[in-house]
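According to this note's numbering, the sequence shown is numbered sequentially starting from 1028. Note that beta-carbon positions come from the ideal geometry of N, C-alpha and C, so glycine has one too.
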Amino acid sequence: MDWLAPLVSLDRLAWLDPLAWLVVLPLGWATLAFVLGSGRGAWAALAGVSLQLWLAVELAGTILADGATPPVGASEMAAHHAVGGWGAPLGIDLAADGLSAAMLILTQMVALPLAVYARAYFKAGDPAGAWFWPLMGFLIAGLNALFVSADLFNLYVTLELVGLASVGIVAAGGGAQQLAAALRYLFVSLVGSGAYLLGVALIYGAYGTVSIATLTPLIAAEAPRLVWLAAGLMLVGLLLKTALFPFHFWLPPAHGSAPAPVSALLSALVVKASFYLILRLWIGPLEPLLPAAAAWLAALLGALAIFWGSYRAIRAVKLKRLIAYSTVAQLGYLFLIFPLLAQPAALQAGVMQVFAHGLAKAGMFAAAGVMIRATGQDTVAGLAGAVDRLPVTLFAFGLAGMTLMGLPPSSGFLAKWQIIEAALAQGYWIIAVVALAGGLLAALYVFRVLRQAFLVSGADVAERGPVPAVPRTLEWSAFVLAAASVLLGLRGVELMRLLGAGA
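Now the structure itself:
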């Protein structure tokens, strides 16, 4: 049996590798939840996501301990795993650097409180929660796999898994609005993924590989026209899935009509996945094909998203539509960084904005779910007097709004400060003006909700009769997410160090 010793050693290493387990674990508990049946699997999900968070932090610690790693697109990243022992080109490689590790931590950080929230939110027999747990597991598995995939085709596979799970979780309630939004979402997802896949096929035809590490030194400005077309198709497909203006038409119906835990997952995590791919390709293999004009076009669309999304949020009648259009606006900040990427601070600003928006928007949607359940109304006007009944929830909404507005000491303030600092350092004052204006517009729609909640006195509220009891778990889960978005602003140095360790 001595001949088994090397295999046992390799297997032991494989069993301990966070890269593999971050993909396998959510698939495992999602399958278990599916086998257990409708509405079951909450405890498996809570245990699985808790372990995934520990693994993501462990992976980040390993990357930090390794120190500086090669630049993005280099053949070796800070962490690497060959699936089944067969690496590229014959097998599948998983790889992670500081950027990947940061996105993995955000995914688990958001998913864990939302799992606690969803367990209290969905009642027994609720059709919207019947298959929430397996769909959530497949969604998180797709996200984790996307962040550690090392070739363009596997990124497509993970994009499809995320997209299909997202459509399923939106349509789970079976209502007419949800089904219509889910069908629109499905159409957009398929078109975006199809455009991306066609671009991957063209690149493979030109270079005979889809490995990001291999393609990075091969693609140059003198590339064939088919490669330029491939880059355009891939980026447009990803922009459609990110819901950047003017490709945002599918997002408000999907996020606004879904149950609160689903809206929080979609807004906090799913749209960030396609942005992550845009960023990874932009500073990686496609960089030689993207002139300054392309960066300024991305920034222009980002600025339009900020103004248009804020305008629609200010005028929105329904609370969740207001928050959904706020997502359209806040996504615009992510694209302001592309003309600034010559400075490392721009990448840091973008990732900090991803964290700030992810945590704040998850908390805001969770708080909205509590308010809608307590008042029985889904309009902003229906929130009158809610502060007397739901002080913790309104405080959570205010903390999340503080992050979206960019008030100190929140992570949103840190992200917007870094964008403004990088813009002024390069003489791009117009970007700084847009960032400041977006914060002021965010204040308008956030304070619109808070003002309405304080509008009616306690005596007037008492005349309305008893208020349905809301589980405290719902309120405090929303508060934890919103508070985390603020507290991250006090501990942003660790996140910046992680990005630095990952090149």
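contact_flag[the stretch 1050 to 1063, the stretch 1159 to 1167] where n(CB pairs < 8 Å) is 3 or more:
Contact between the stretch 1050 to 1063 and the stretch 1159 to 1167 is present, because at least three Cβ pairs lie under 8 Å.
Three-state class that DSSP yields for residue 1415 in the structure shown
As a working mapping, residue 1415 is identified with position 388 in the sequence shown. DSSP places residue 1415 in helix when its eight states are reduced to three.
In the stretch 1317 to 1364, which residue ranges form an unbroken alpha helix (DSSP H) of at least 4 residues, counting only runs that do not cross its ends?
For the stretch 1317 to 1364, whole alpha helix (DSSP H) runs of length 4 or above, ordered along the chain, are 1319 to 1342, 1346 to 1362.
What three-state label does DSSP hand residue 1126 in the structure shown?
Stepping through the sequence shown from its first residue, residue 1126 is reached at position 99. In the structure shown, residue 1126 adopts helical secondary structure according to DSSP, grouped into three states.
Are the C-beta of residue 1508 and some C-beta of chain D separated by less than 9 Å?
The question asks about chain D, but that chain is absent: this structure has only one protein chain.
Contact under 9 Å by Cβ, residue 1398 with residue 1431
Taking the sequence shown and counting its residues from 1, one reaches residue 1398 at position 371. Taking the sequence shown and counting its residues from 1, one reaches residue 1431 at position 404. Pairing residue 1398 with residue 1431 gives a Cβ-Cβ distance that is not under 9 Å.
With residue 1107 as the anchor, note down where its beta strand (DSSP E) starts and where it stops.
Position 80 of the sequence shown, counted from the start, is the residue given in the question as residue 1107. That run of the beta strand (DSSP E) goes 1106 to 1109.
Please determine whether the Cβ atom of residue 1371 lies at a distance below 8 Å from any heavy atom of the ligand GDP.
Looking at this structure, you won't find the ligand GDP or any other ligand, since it has none at all.
Residues sharing a beta bridge with residue 1121, DSSP:
Residue 1121 sits at position 94 when you count from the first residue of the sequence shown. Partner residues in the beta bridge of residue 1121, as assigned by DSSP, are 1108, 1176.
When 1246, 1510, 1170, 1353 are compared against residue 1337, the one with the closest alpha-carbon:
Within the sequence shown, numbered from 1, the residue matching residue 1337 stands at position 310. Among 1246, 1510, 1170, 1353, the Cα nearest to that of residue 1337 belongs to 1353.
Take every Cβ of the stretch 1138 to 1158, pair it with every Cβ of the stretch 1254 to 1271, and state whether three or more of those distances are shorter than 8 Å.
By the criterion of at least three beta-carbon pairs nearer than 8 Å, the stretch 1138 to 1158 is not in contact with the stretch 1254 to 1271.
Which residue from 1122, 1045, 1189 puts its Cα closest to that of residue 1238?
In the sequence shown, residue 1238 corresponds to position 211, counting from 1. The shortest Cα separation from residue 1238 among 1122, 1045, 1189 belongs to 1122.
Please work out which residues of its chain come closer than 7 Å, Cβ to Cβ, to residue 1425, disregarding the five sequence neighbours upstream and downstream, and give them in chain order.
On the sequence shown, residue 1425 is found 398 positions in, with the first residue counted as 1. Once the five neighbours on either side are set aside, the close Cβ partners of residue 1425 are 1477.
Whose C-beta lies closer than 7 Å to the C-beta of residue 1100 among residues of the same chain, with five residues either side of it excluded?
Taking the sequence shown and counting its residues from 1, the one referred to as residue 1100 is at position 73. Its pLDDT being 41, under 50, residue 1100 is placed unreliably by the model, and the measurement read from it follows with that caveat. If we look at residue 1100 and ignore the five residues flanking it on each side, its Cβ neighbours are 1239, 1240, 1243, 1311, 1312.
For my contact list, residue 1282 and residue 1294 are in at a C-beta cut-off of 8 Å; report their separation, rounded to the angstrom.
Sequence index remark: in the sequence shown, residue 1282 carries index 255 (1-based). Sequence index remark: in the sequence shown, residue 1294 carries index 267 (1-based). Approximately 6 Å separates the beta-carbon atoms of residue 1282 and residue 1294; this is inside 8 Å, confirming the contact.
Drop a sphere of 10 angstroms on the beta-carbon of residue 1451, count the other beta-carbons inside from all chains shown, and report buried for 16 or more, exposed for fewer.
Locating residue 1451 in the sequence shown gives position 424, counting from the first residue. Label assigned to residue 1451: exposed.
Where DSSP assigns a beta bridge to residue 1406, which residues make up the other side?
On the sequence shown, position 379 is the one that residue 1406 refers to. DSSP output for residue 1406 lists 1345 as bridge partner(s).
Could you tell me whether the stretch 1416 to 1424 touches the stretch 1500 to 1510, using the rule of 3 or more Cβ pairs below 8 Å?
Between the stretch 1416 to 1424 and the stretch 1500 to 1510 there are three or more C-beta pairs closer than 8 Å, enough to call the two in contact.
Residue ranges of each alpha helix (DSSP H) within the stretch 1416 to 1504, 4 or longer
List check, alpha helix (DSSP H) in window: 1418 to 1432, 1438 to 1452, 1456 to 1480, 1485 to 1489.
What's the gap between the Cα of residue 1369 and the Cα of residue 1126?
The count along the sequence shown starts at 1 and reaches residue 1369 at position 342. The count along the sequence shown starts at 1 and reaches residue 1126 at position 99. Those two C-alpha atoms are separated by around 17 Å.
Mind checking whether residue 1389 and residue 1291 have CB atoms under 9 Å apart?
One-based indexing of the sequence shown puts residue 1389 at position 362. One-based indexing of the sequence shown puts residue 1291 at position 264. It is a contact, given that the beta carbons lie within the stated cut-off.
Do residue 968 and residue 1356 have their CB atoms nearer than 9 Å?
Beyond the ends of the chain as shown, which are 1028 and 1530, falls residue 968; an answer cannot be given.
Whole-number beta carbon distance between residue 1212 and residue 1197, since they are thought to touch under 8 Å
Working through the sequence shown from its first residue, we reach residue 1197 at position 170. Working through the sequence shown from its first residue, we reach residue 1212 at position 185. At roughly 6 Å, the Cβ-Cβ gap stays under 8 Å, so residue 1197 and residue 1212 are in contact.
In three-state DSSP terms, what is residue 1065?
The sequence position of residue 1065 within the sequence shown is 38, counting from 1. DSSP places residue 1065 in coil when its eight states are reduced to three.
Rounded separation between residue 1385 and residue 1134 - CA only
Numbered from 1 along the sequence shown, position 358 holds the residue referred to as residue 1385. Numbered from 1 along the sequence shown, position 107 holds the residue referred to as residue 1134. Annotation: residue 1385 to residue 1134 spans about 9 Å, alpha carbon to alpha carbon.
Restricting to Cα atoms, I'd like to know which of 1427, 1523, 1513, 1142 is closest to residue 1445.
Here residue 1445 refers to the residue found at position 418 of the sequence shown. Comparing Cα-Cα distances from residue 1445 to each of 1427, 1523, 1513, 1142, the minimum goes to 1523.
Are at least three pairs of beta-carbons, each pair with one atom in the stretch 1173 to 1191 and one in the stretch 1297 to 1316, less than 8 Å apart?
In this structure the stretch 1173 to 1191 touches the stretch 1297 to 1316; the number of beta carbon pairs closer than 8 Å is three or more.
Can you tell which of 1449, 1077, 1358, 1350 has the C-alpha that lies nearest to the C-alpha of residue 1287?
Here residue 1287 refers to the residue found at position 260 of the sequence shown. The shortest C-alpha separation from residue 1287 is found at 1350.
Tell me which residue opens and which closes the alpha helix (DSSP H) that residue 1216 is part of.
As a working note, residue 1216 is residue 189 in the sequence shown. 1203 to 1234 is the extent of the alpha helix (DSSP H) around residue 1216.
So what does residue 1238 bridge to, in DSSP terms?
In the sequence shown, counting from the first residue as 1, residue 1238 sits at position 211. Its beta-bridge partners are 1178.
What's the call for residue 1460, buried or exposed, on a 16-neighbour Cβ count within 10 Å?
Residue 1460 sits at position 433 when you count from the first residue of the sequence shown. The residue in question, residue 1460, is exposed, as its Cβ has fewer than 16 Cβ neighbours within 10 Å.
Rounded C-alpha distance that separates residue 1066 from residue 1145:
Here residue 1066 refers to the residue found at position 39 of the sequence shown. Here residue 1145 refers to the residue found at position 118 of the sequence shown. Separation of residue 1066 and residue 1145 (C-alpha to C-alpha, rounded to the nearest whole angstrom) is 11 Å.
Under DSSP, the alpha helix (DSSP H) around residue 1275 begins and ends at which residues?
Sequence index remark: in the sequence shown, residue 1275 carries index 248 (1-based). Neither: residue 1275 is in no alpha helix (DSSP H) and is coded neither H nor E.
So, under 8 Å CB-CB, residue 1199 and residue 1284 are touching, yes? Tell me the CB distance rounded to an integer number of Å.
Residue 1199 sits at position 172 when you count from the first residue of the sequence shown. Residue 1284 sits at position 257 when you count from the first residue of the sequence shown. At roughly 11 Å, the Cβ-Cβ gap does not stay under 8 Å, so residue 1199 and residue 1284 are not in contact.
Minimum C-alpha distance to residue 1072 - residue among 1503, 1053, 1358, 1203:
Working through the sequence shown from its first residue, we reach residue 1072 at position 45. It is 1053.
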